[in-house]
Each structure stands twice: as C-alpha cells, then as structure tokens.
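Okay, so here's the structure we're looking at.
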Amino acid sequence: MSNVEQPRPGEVELKVGFPGHYETRKFQVPEGDAPPWDANTKFTVVGSDEPRVDGVMKASGRAKYSYDVTFKGILYGMILRSPVARGKLTGLELDEARSMPGVAAVLALKELGNKVRFVGDEIAAVAAPTLDQCRDAIEKIRATYESEAHNVDFLSAEDGPLVDDSGEYTEPWAEDSGMEKALAESKVQLTGTYRTEVQTHSSLETHGAVAKWNGADLELWASTQATFGVRGEIAQAMQAAKVKCDSVTLHAEFVGGGFGSKFSGGAETRAVALLAHATQTPVKLMLDRFEEHTCTGNRPASLMHIRAGLSADGILTAWDWRSFGGCGHNGGGGGVAMPNHFLNTAKKRTTHKDIATDTDPARPMRAPGHPQGFFGAELFLDELAAKAGIDPLELRRKNDQQPIRQAQYTLGSETFGWQAGRNPKPGSPMPGDDARYLRGVGMATARWGTLGSHGGRTPHAALCRIHQDGGVETRNGAQDIGVGNKTMMAILTAEELGIPVANVKAVMGHTSDPSGPASGGSTTTPSIAPAVRLAAYQAKLELGKLAAKHLDISEDKITWAGGKIGADGKWLTFAEACKLIGPNPIEARGQRFPNYKGEPIENGVCGVQFAEVLVDTWTGLVKVTRMLALQDCGVVIAKKTAESQVLGAMIQGISYALYEQRLMDKRSGRMLNGDFLRYKVIGSIDMPPMQAILQTVFNGHSNTSAAGLGEPPSVAAPAAIANAVFNAIGVAVRHLPITPDKVLRALNQRGGN
Amino acid sequence: MKPFTYILPRSLPEAATAAARKGAQLKAAGIDLIDRMKERIETPSEVVNLLSLKGELSYIKSERDSGLRIGALTTLNDLELDAALGAAQFGALREAAGRTATPLVRNRATIVGNLLQVTRCWYLRSAAFGCLHGKKGPACLAMTGENRYHSVMGYFDCVRVHPSNLAPALLALDAEFTSQLGDRQSRRKLSELFPKEARAMLAEHTLLPGEIVTAIHVPAQPANARSAYRESREKLSFDWATTACAARIVVEGGKIRTATLVLGAVAPVPMPMPEAAKLLIGEAPSDELFQKVANAAYQSAVPLSQNVYKVQVGKAVVRETLHAITR
Numbered sequence: 044m045s046n047v048e049q050p051r052p053g054e055v056e057l058k059v060g061f062p063g064h065y066e067t068r069k070f071q072v073p074e075g076d077a078p079p080w081d082a083n084t085k086f087t088v089v090g091s092d093e094p095r096v097d098g099v100m101k102a103s104g105r106a107k108y109s110y111d112v113t114f115k116g117i118l119y120g121m122i123l124r125s126p127v128a129r130g131k132l133t134g135l136e137l138d139e140a141r142s143m144p145g146v147a148a149v150l151a152l153k154e155l156g157n158k159v160r161f162v163g164d165e166i167a168a169v170a171a172p173t174l175d176q177c178r179d180a181i182e183k184i185r186a187t188y189e190s191e192a193h194n195v196d197f198l199s200a201e202d203g204p205l206v207d208d209s210g211e212y213t214e215p216w217a218e219d220s221g222m223e224k225a226l227a228e229s230k231v232q233l234t235g236t237y238r239t240e241v242q243t244h245s246s247l248e249t250h251g252a253v254a255k256w257n258g259a260d261l262e263l264w265a266s267t268q269a270t271f272g273v274r275g276e277i278a279q280a281m282q283a284a285k286v287k288c289d290s291v292t293l294h295a296e297f298v299g300g301g302f303g304s305k306f307s308g309g310a311e312t313r314a315v316a317l318l319a320h321a322t323q324t325p326v327k328l329m330l331d332r333f334e335e336h337t338c339t340g341n342r343p344a345s346l347m348h349i350r351a352g353l354s355a356d357g358i359l360t361a362w363d364w365r366s367f368g369g370c371g372h373n374g375g376g377g378g379v380a381m382p383n384h385f386l387n388t389a390k391k392r393t394t395h396k397d398i399a400t401d402t403d404p405a406r407p408m409r410a411p412g413h414p415q416g417f418f419g420a421e422l423f424l425d426e427l428a429a430k431a432g433i434d435p436l437e438l439r440r441k442n443d444q445q446p447i448r449q450a451q452y453t454l455g456s457e458t459f460g461w462q463a464g465r466n467p468k469p470g471s472p473m474p475g476d477d478a479r480y481l482r483g484v485g486m487a488t489a490r491w492g493t494l495g496s497h498g499g500r501t502p503h504a505a506l507c508r509i510h511q512d513g514g515v516e517t518r519n520g521a522q523d524i525g526v527g528n529k530t531m532m533a534i535l536t537a538e539e540l541g542i543p544v545a546n547v548k549a550v551m552g553h554t555s556d557p558s559g560p561a562s563g564g565s566t567t568t569p570s571i572a573p574a575v576r577l578a579a580y581q582a583k584l585e586l587g588k589l590a591a592k593h594l595d596i597s598e599d600k601i602t603w604a605g606g607k608i609g610a611d612g613k614w615l616t617f618a619e620a621c622k623l624i625g626p627n628p629i630e631a632r633g634q635r636f637p638n639y640k641g642e643p644i645e646n647g648v649c650g651v652q653f654a655e656v657l658v659d660t661w662t663g664l665v666k667v668t669r670m671l672a673l674q675d676c677g678v679v680i681a682k683k684t685a686e687s688q689v690l691g692a693m694i695q696g697i698s699y700a701l702y703e704q705r706l707m708d709k710r711s712g713r714m715l716n717g718d719f720l721r722y723k724v725i726g727s728i729d730m731p732p733m734q735a736i737l738q739t740v741f742n743g744h745s746n747t748s749a750a751g752l753g754e755p756p757s758v759a760a761p762a763a764i765a766n767a768v769f770n771a772i773g774v775a776v777r778h779l780p781i782t783p784d785k786v787l788r789a790l791n792q793r794g795g796n
Numbered sequence: 019m020k021p022f023t024y025i026l027p028r029s030l031p032e033a034a035t036a037a038a039r040k041g042a043q044l045k046a047a048g049i050d051l052i053d054r055m056k057e058r059i060e061t062p063s064e065v066v067n068l069l070s071l072k073g074e075l076s077y078i079k080s081e082r083d084s085g086l087r088i089g090a091l092t093t094l095n096d097l098e099l100d101a102a103l104g105a106a107q108f109g110a111l112r113e114a115a116g117r118t119a120t121p122l123v124r125n126r127a128t129i130v131g132n133l134l135q136v137t138r139c140w141y142l143r144s145a146a147f148g149c150l151h152g153k154k155g156p157a158c159l160a161m162t163g164e165n166r167y168h169s170v171m172g173y174f175d176c177v178r179v180h181p182s183n184l185a186p187a188l189l190a191l192d193a194e195f196t197s198q199l200g201d202r203q204s205r206r207k208l209s210e211l212f213p214k215e216a217r218a219m220l221a222e223h224t225l226l227p228g229e230i231v232t233a234i235h236v237p238a239q240p241a242n243a244r245s246a247y248r249e250s251r252e253k254l255s256f257d258w259a260t261t262a263c264a265a266r267i268v269v270e271g272g273k274i275r276t277a278t279l280v281l282g283a284v285a286p287v288p289m290p291m292p293e294a295a296k297l298l299i300g301e302a303p304s305d306e307l308f309q310k311v312a313n314a315a316y317q318s319a320v321p322l323s324q325n326v327y328k329v330q331v332g333k334a335v336v337r338e339t340l341h342a343i344t345r
C-alpha cells in the first residue's frame, strides 16, 4: 500500500470489472470509510498464496473445538428421543432415571400432550458423569406415546406429486394458453421429471455445546455458525433464570463445519444450558452421528417437472416449471432454485409446493435449493440441446447474457478441452477406450447472489489493535466455520499495515468482540471484510499520528512504503513506530457501511463447472475423472482458502451427485443409514484431479469489493456430473444420486448393452 | 457400552477357559464387536481380548508343501503386503484383503475377525429394531422393508448378507481352519465354519461357545493355479461390497482344467458355485464363456423388491473376476 489518503466521502470513480471487461463507474462512498480499492490497486498480500493461518493448529490437533472443551468434574448430557414418527406424548416417568447412580439431572423437554413429530424428536435430557451413565438413565425413563399413522416419503403424501412407474410426474399442466402457444410455436420441445433425494449436512463436528455457569453468568462453547444469534436464543430460553444477553458469553473459536445446519442452537444447546444450570456444574452435550443425521436438518428431497421450447436459432422461448420439495414435519424449506439466467425472453411459468412428511425439518444447506434445481434444469437443457442437435455449451452461450459467465464459458472450454472431451457418439466408447467404459463430459452454470451487508438494523464491525511490541490483532465476534475467514482477516490487516501476515493474529468466535453476521448466504467475508480493512486503516492512521509527532512532520505528509512509515527522508520501521505506543494498544474499530450506492458489476457471483466421467457399463459405477471450476468471488483475498472452498464444494457436489441419500424405514419412520457406513460420503479414492480458477471481479460495492464464495461453487457440480453421464451413456439419469442401479436401468433401457 | 470385565489372557488355554464362561465374548481387533457393544445390541459381561496373544497368533508361514498357515490375528494389511501371498495362486486372498475398508481398518482388522463378522444388516444392527435374526422379533424386517443391500439367493427366513470379503477368497482356495475348544484342537474345511442352511435363528458361523479359531490354512494350490477376487460397490473408497466373487482357475494348453467359484455379499453365507464353475472345465477362456458362467452363477437368484440390480452387477463381477485370472 502506498500513501495514506484521507477519506474522501462522496462520489468516487472506481475502475471496476474483470480482465478484459474494465470500466469506470461512480459510487457513493460514505464518510468515514477507507478509500475503496479498485482494479488500479496494487496489492502485496491480497490475492496471494498465504497459507491458512490456523492450518497447522488444525492439522496438529491443537485447535480446540467445542467438542474438545472440557473441565474437571464435567458432566455429560444426553437426550431421550422419540421412537415414534407421529403422535403425542402421553406419559413421562423420570423418577427412576433420577435415582440412577451418578445421575445429576433429568429434565423433561416436552410436556404431556405435546405432539411428537418425527423419530428423534426430543423428549427429555439427562446429565451424568459418563455417557454410559447417561444412556443407562435414558433407558430408565418411561415415556409412552399415542402414535398416529405416519408417512416419511413425500411421494406417498396425500398432497404429494404422483409419478408413474418410469418416474414421470403424471398430473396435467394447469391451463395457460400463452404457454401452450409459446410451446407450440417453438421448434423443439421436451418434457421431463427430475428428482433428488434428501442429503444430510454431515458436518464433521456434530451439533452441541458445553455450558458452564459462573454465578449468574453463562459461558457457552457451541458448535455454531451464528455466535450472536445463538447467544440471544439461549438468553431467551433462560429467561426464567433471569438471564439476559449481557450475561451470556459464547465461544466458537473453531467450528467443524455447519453447511447451514447450525444457525440455531436447537434443543441440544437449550438442554445443555438447562442441565448446567440445574446441576451448577459444567455440562457437555454433543450429539452422536445418528442424531446428527436425523435431528439437525437436511437438504430436502425434490421433484421437478419441466417442459420447454427452443426456437430454430436455439433460443429458449417457453419454460414451464413446477417443483415440489420433500420436506420435514413443518412442510417448509423445500424451495428449489432454478437458473433464471437462460430465460431472458422466454415465456415463463413456475410453481412450487412444499410437501410435509413426518421427518426432521429441512434446514438451509449450502446454496439451499440450488444444487437440486440446477441439476434438474441443466440436465433438462442438455437433453433439449441433444434433441435439437446443438452443443450444450453453445446453447448456454446463446441464452446467457451475463458477461462474467460468457468469459468463463470461453476460458473454461479452452482449459478443460471441451470439444475434445465431448463424446461425439453418446453411448459408444470414445476412441482408445476399453469398450466396457463410456466416457463423457458435461458442464453447468452457477449463480449466487449477495455482496454481503452491513448488518441491517445494527452494523457489523471489527477491531484492530496494534501493540507496542509490534503485535497486531484483528478481531470479530462472528465464527469461522472452517472456511478461512481468519486468514482473510489477517491478510486484509497485513495488506493495510504493510506488514507480513504472520505478524497479525486473527481472532474470531467470541461474542465479547464486535458483532458479525451468521455464516449464511455466503455473506461472512463480504460483510466483515470492509470492516476489518477499515479497522486496520483507522489503526494505521493512529500509528501515523504517533510517527508524525515523533518525526516532527505533519500528519498529512505521512507515507507508508515498503514496511516503513514517514516522509522527507525521515523513516521509522513498523516495529520502531510501534514502540511509540504506550502500554495501552492502539485500538481502532471499523464499521461495516452499507453497500455503496451505485451499480456494481454484478449483484452476486457467477460460476461454471466442467466434469468428465467414466461409466462402467458392466457394474453401473460412475467415476468422475476430472473437474474444472471457474468461479468469481469478487476480489480474491485469501487465494488458497478460496480455492479450497471451491474444491471442497466440488467434492461435496460429486458426493451429492453420486452417493449421498437418506434411506428411511417407512414402517417405523426411522433413518436406516444414519451413520457413515451406509450413508455414503465421498472418500479420497473417489476424488478426481480438480482445478479451481478464481476470477477476481471488482464490483465496486465496498472498500474491498469482496463477494461471497461458500455456496456458489456447490451449485453447478452435481448438474455438470449428471450432464457428463448423459454425454457418456446417451441416456439421462434424471434422479440423484446416480447410483449403479440407476445407471444400469438407464443402460438397459437404451438397450444393446 | 455397558460395563464389562476386560480379560487379557496370557495363553491360549487361558483364553479358551475365559471364553467358555457364560456371558464372555471374544474380541480380536474389535472393529465389529465394539460397534455392536456401543449400540448395546451386544452386552457381554466379560470381553476376552485375544490381541494379548498377538505374538503367538499373528504370522504367515509357508508350509513345506507350499501352502500357507496364517495366524488368526494376522492383520489384513499383513495379508496384502506379505511376500508369501505375492504368488498368482493366492491373488484372491491378497486382493480381498487389500480392498477391505480403509488402510486404518486394515492395519488393525484380523483375518479371522473378518470371517466372523456379524451381518451389517441395518435392522439387526440397530437397537431400535427387533428382528428374527437378532432374536428380538417375529420376522425378518428387510424381507418386506428396505433391502437394497440384502440377499438375492440362498436365504430362507432372513435376507441378511454375509459381510466377509475374505470368506469367498479363502473358500475359492479350499482353505481350512484350526480351532480350539477347551483343550481340544480340530482342523476342518472352512466351508464348515458357515451354516449350511442360513436360517434366521442361526449365527453367521458354526463355532460353539468358547471355541477359538487359531489359524487359517491355505493348502498347496494346484500347479499353475491363479486366483482373483473382485467386488462391486457404490463407491471406491470405504464401502461394503454389493456383490463379490472369488475364483481359482488352472489353465493348461489353452483349456481350463480346474475351477472354483464363490460368490460373496449376495446371501446370508458365502456361496460356493460348483455347478457354475464346472461349465469352465475343458473350455478355452472367452468372454462368451465367462458370461455363460456368470449367468449360471446367478441362475438361482430371487432378488428382493429393491435389489434386482445386484443380479446384473453380480454377473458383471463374476465376468470381471474370470477375466482378471485369465488375462
């Protein structure tokens, strides 16, 4: 970084865009913000290959997750869960459990007469010195239920979609003469039904918390993706104990994944707070893997029925879509997102209906609705392209007006080798391949939209401290759920102060620090990055004042260059300048201002992914053999962790496309594969060589132009893989996951195997 | 799990005495047992940890007749990497060991532990269900329930599958086992380790209470024998086989002279297929022949509501195994 410019509130011109597409646009920068970066900014560490700041701690086991927190004399908590899928609690005898050896507390979580809504619904909680004593006590609780008929399959629900033996949705379309006309006038038409199954979040660290009361104050270590939200939730839940937010401190310094399932503390966090209060002893309650699979939400199932028409020149002219979400007992959260960006002039109609079943409710999961909706829509597009005799990439180029994705189509097809990779005769082996194996490539697009926010009613903020020994802290109370936010904070601070990243300590996850967002919607980085940068900038100004006084030059002349501070031949190193600080550190707060008024290049991020598969026609096994992602995330701050996010999303996308599905016992309503033996998650041998190309886009909406990245790369992967399978075998497998049985059915249907 | 007395025997006779006590349960690596104890579907009062005899029971020895004697506590990793198993005749055993689970499991899991696993049927292995095989219910729940990974043949009143992937390989190699019951030792055909009729009420194996398998014998194989093991899965990393096949073949003068063929993961017990293997005898190896044999191997298959695919996949695995041997 060069000169310290004074903030220039008001209208500024910024060079925005991305390589090959730069332009100058005007934005309103609020008073008090740091001068915004743009495409002219020369960076030292932003966008470089700095390693994850807590990587060694994590790899060596020194990072302490909530699961690892313990205290002398700690008790364990466990929850009794309903074995019936639907009904009412009619009896609850806790006394025998209370008298069991070691049992410190037994609490009812439901009252008699309360509804029981799924297998796993929480009934009571116990605390005891060991998990085995908890289990013994749980077995002595006598709970009785009045059970009702249940249903755990949304296709069997009374209001569920009716499908025939081939899996096609059979209801006639609602009348719409405009749609019928648009379809009739199109040159090529297609209709199809697409389905996806329930996917569980499968975070490595299960839900739960450790609770410890210090007098009237509660300290919680929780595996959460919303430190402030959960603090408020627990304070509210403990109102009877006269608890308010100011007496609850929550820590989530390391979190083993969340993927959308950890916004609420849930029954487990409320239970552990209550158990610790009742026993006045620290209590740990972390769910086991079965509970994690069955009681902490999921990506719901879906069914999509699509028909569309294509004009003679390959433009989508009609798009008729109806979808269903296969949800939990609350009948919500099953929304399916459709790629709107191909439907510019098409006559369009969409309807959606969520169907309730007697299971654990859906929770947001990494790009809610998108992997399922893009799978249906983009596989449909490839089938439509095949029917029209058009290259599927060409079909997308023609119908997509987004310049960032257009650039990604070009770069992606060149880098991946689209033309050479396509199977010219789907269903036949590629030249040089063993006749047993069919190869194919596919691609799909992604969009995800937000550029973060200032926090709504109350703005987010970050803290930067510079100490006299040269140590620098950057702090925010939101959580890093594993994605790399701390690395991002350290890099931004190092960039602003002109010091090595290793000299910055980034701390997150304590509600005693300035507020930050819940980790949802890929908004954490775009929301807090501008505040982090501003805090560092403000701290820098303070340090500049001390330096100016010491060097006897005027403050406005102070320049920062090559790690030195000063002007006119009078220079201090950063360390020398820090010595001017007294025992109290420089402490500067950076506020997150609202996104700038003005038109950003894109109000979200764009992506395209390519996949190649090899299908074993004998056994039906699909192997992904290589993948490429092109992803925009605004300005790339921490390149390694950003790439890691994209690669992780591709891995999770393969897993969703090929392996993962919740399997239920319909009679009992209980999940059968609630473990990692039968709930199949991708392993290392199943992972192909993968490449992630990040595109820096200066959107111009904040002082850092950072956009979100957690969710967008998970949107395209399953669709790209399904399209590759279609290109390989010549038949679309319209139902995820693409397991061997489905591949063989498709091949048998094609015949000639 | 429930509290239990943990016994570390100092000798095989001591282990045998301990194992004979009521409520005692033998443990090798514990990979299967500990899961069942945690789920509380197994609540032994005593656990006899055979690993304290590892020095005595972990070995791979070449016998004078070029057969192998393998100690019961030999790990799968040892089987995969031992030079004695490098010969083409033992390919099936080496491959089966090398494909099991994950490297972490293979470093610990033992040959006999693998053979004596309890079925992975999701109804049996959950304390929430009571089924006939677990002796806690009146019927097989998978028969009419969720059965995509269950049996397609050889079942009666229980459609569990036998989970061992070493069993088909060892059966194809005509293996035998030595066991200790009290102070008596006996050596029998490995096929006698599994029930002849896989009824729900029978265990996965035929051992008597307190009986300890101490060694597996892989006899000298016919001259020029080659063997192979293949399995189908839903993913390549840690997964249970959906079907498996092991075979041993001798080809001389371009014709197959002897053949054994055993299927795994398709029935409550490993399934030797002598009739299908017989079709190979006297024939020259060819894809057409192998497909014919695969069809014969699955001729008796009666798949359940959700596992029809296993028949097609299983035939492919037979075909692939035979190709792998004769390639």
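Those sequence lines, one after another, are chains L and P. The opening position of the first sequence corresponds to residue 44 in the working numbering, with each subsequent residue numbered one higher. The opening position of the second sequence corresponds to residue 19 in the working numbering, with each subsequent residue numbered one higher. Where is the CB? At the ideal position from N, CA and C, for every residue including glycine. A quick note: this is a predicted structure, and the numbers were derived from the prediction, not measured.
> Counting only runs that start and end within the stretch 204-292 of chain P, where is the beta strand (DSSP E) found for 3 or more residues in a row?
Replying inline: 230-236, 243-250, 261-270, 273-282
> Nearest chain P C-beta to residue 256 of chain L closer than 7 Å, yes or no?
Replying inline: Within the first sequence, residue 256 of chain L is the residue found at index 213, counting from 1. Chain P, which has no Cβ nearer than 7 Å to the Cβ of residue 256 of chain L, makes this no.
> Using a Cβ-Cβ cut-off of 7 Å (strictly less than) and excluding sequence neighbours within five positions of residue 539 of chain L, which residues of its own chain qualify?
Replying inline: The sequence position of residue 539 of chain L within the first sequence is 496, counting from 1. Around residue 539 of chain L: 44, 576, 579, 580, 583.
> In the structure shown, what three-state DSSP assignment does residue 65 of chain P receive?
Replying inline: Locating residue 65 of chain P in the second sequence gives position 47, counting from the first residue. Of the three classes helix, strand and coil, the one that applies to residue 65 of chain P here is strand, per DSSP.
> Hey, which unbroken runs of the alpha helix (DSSP H) at 4 residues or more fall wholly within the stretch 375-450 of chain L?
Replying inline: 413-431, 435-442
>> So, with DSSP's three-state summary, where would you put residue 690 of chain L?
In response: One-based indexing of the first sequence puts residue 690 of chain L at position 647. Residue state, collapsed to three classes: helix.
> Counting only beta-carbon atoms, is residue 188 of chain L nearer than 7 Å to chain P?
Replying inline: Working through the first sequence from its first residue, we reach residue 188 of chain L at position 145. No, residue 188 of chain L does not count as interfacial toward chain P.
> Counting Cβ pairs closer than 8 Å, one from the stretch 662-669 of chain L and one from the stretch 738-757 of chain L, do we hit at least three?
Replying inline: no
>> Out of L/702, L/735, L/731, which one is the CA nearest neighbour of residue 252 of chain P?
In response: Against the second sequence, residue 252 of chain P aligns to sequence position 234. The candidate whose alpha carbon is nearest that of residue 252 of chain P is L/702.
> What are the uninterrupted segments assigned as alpha helix (DSSP H) that are 4 or more residues long and contained completely in the stretch 218-258 of chain L, given in chain order?
Replying inline: 220-228
> Along the chain, which unbroken stretches of the beta strand (DSSP E) at least 3 residues long are found entirely within the stretch 495-583 of chain L?
Replying inline: 504-509, 515-519, 547-551
> On the three-state DSSP scale, how would you describe residue 345 of chain P?
Replying inline: For this step, residue 345 of chain P is matched to residue 327 along the second sequence. If DSSP states are grouped into helix, strand and coil, residue 345 of chain P belongs with coil.
>> Cβ closer than 7 Å: which chain L residues qualify as neighbours of residue 24 of chain P?
In response: Position 6 of the second sequence, counted from the start, is the residue given in the question as residue 24 of chain P. Correct list: empty, because the minimum Cβ distance to chain L is about 14 Å.
> Going along the stretch 288-310 of chain L in order, which residues come within less than 9 Å of chain P, judged by CB to CB distance?
Replying inline: none
> Between the stretch 43-50 of chain P and the stretch 131-151 of chain P, do at least 3 Cβ pairs fall closer than 8 Å?
Replying inline: yes
> Is residue 327 of chain P close to chain L, meaning its C-beta is less than 7 Å from at least one C-beta of that chain?
Replying inline: The residue labelled residue 327 of chain P in the question sits at position 309 within the second sequence. Chain L, which has a Cβ nearer than 7 Å to the Cβ of residue 327 of chain P, makes this yes.
> Under 7 Å Cβ-Cβ, which residues of chain P neighbour residue 782 of chain L?
Replying inline: Here residue 782 of chain L refers to the residue found at position 739 of the first sequence. What residue 782 of chain L touches in chain P: 252.
> Relative to chain L, which residues along the stretch 241-268 of chain P have a C-beta separation below 8 Å, given in chain order?
Replying inline: 250, 251, 252, 253, 254, 255, 256, 257, 258, 260
> Using Cβ-Cβ distances below 8 Å, what residues of the stretch 134-167 of chain P are close to chain L?
Replying inline: 138, 140, 141, 144, 146, 147, 159, 163, 164, 166, 167
>> Closer than 8 Å is the cut-off here; do at least three beta carbon pairs connect the stretch 285-293 of chain L with the stretch 245-263 of chain L?
In response: yes
> Hey, is residue 487 of chain L close to the ligand SAH, as in C-beta under 6 Å from one of its heavy atoms?
Replying inline: Questions concerning the ligand SAH fall outside what the structure shown contains, since it holds no ligand whatsoever.
> Can you list the residues of chain B that residue 338 of chain P reaches, using a CB-CB cut of under 7 Å?
Replying inline: Judged by its chain identifiers, the structure shown contains no chain B, and its protein chains are L and P.
> How about residue 170 of chain P: is its C-beta nearer than 7 Å to some C-beta of chain L?
Replying inline: Residue 170 of chain P sits at position 152 when you count from the first residue of the second sequence. No, its Cβ sits nowhere closer than 7 Å to a Cβ of chain L.
> residue 717 of chain L and residue 336 of chain L: beta carbons closer than 7 Å?
Replying inline: Taking the first residue of the first sequence as position 1, residue 717 of chain L is located at position 674. Taking the first residue of the first sequence as position 1, residue 336 of chain L is located at position 293. Yes, the pair counts as a contact, with Cβ atoms nearer than the cut-off.
>> Suppose the cutoff is 6 Å on Cβ atoms and the five residues either side in sequence are ignored; what does the same chain contact list for residue 433 of chain L look like?
In response: Against the first sequence, residue 433 of chain L aligns to sequence position 390. If we look at residue 433 of chain L and ignore the five residues flanking it on each side, its Cβ neighbours are 357.
> Candidates L/355, L/421, L/407: which alpha carbon is nearest residue 385 of chain L's?
Replying inline: Here residue 385 of chain L refers to the residue found at position 342 when the first sequence is read from its first residue. If we check each option's Cα against that of residue 385 of chain L, L/421 comes out closest.
> If residue 560 of chain L sits next to residue 632 of chain L, beta carbons under 8 Å apart, how far is it from one beta carbon to the other, in whole angstroms?
Replying inline: Start at 1 with the first residue of the first sequence, and residue 560 of chain L comes out as number 517. Start at 1 with the first residue of the first sequence, and residue 632 of chain L comes out as number 589. Not confirmed; about 17 Å, so no contact.
>> Do residue 311 of chain P and residue 297 of chain P count as a contact pair if the criterion is CB distance below 7 Å?
In response: Mapped onto the second sequence, residue 297 of chain P falls at position 279. Mapped onto the second sequence, residue 311 of chain P falls at position 293. Cβ distance < 7 Å, so residue 297 of chain P and residue 311 of chain P count as in contact.
>> I'd like to know if the stretch 499-506 of chain L and the stretch 643-659 of chain L are in contact, where contact means that at least 3 CB-CB pairs between them fall below 8 Å.
In response: no
> Name the chain P residues whose beta carbon is nearer than 9 Å to that of residue 706 of chain L?
Replying inline: One-based indexing of the first sequence puts residue 706 of chain L at position 663. Correct list: 140, 164, 166.
> Whole-angstrom Cβ separation of residue 29 of chain P and residue 171 of chain P, contact assumed at under 8 Å?
Replying inline: Along the second sequence, read from residue 1 onward, the residue named residue 29 of chain P stands at position 11. Along the second sequence, read from residue 1 onward, the residue named residue 171 of chain P stands at position 153. Their Cβ separation, rounded to whole angstroms, is 42 Å, which puts residue 29 of chain P and residue 171 of chain P out of contact at 8 Å.
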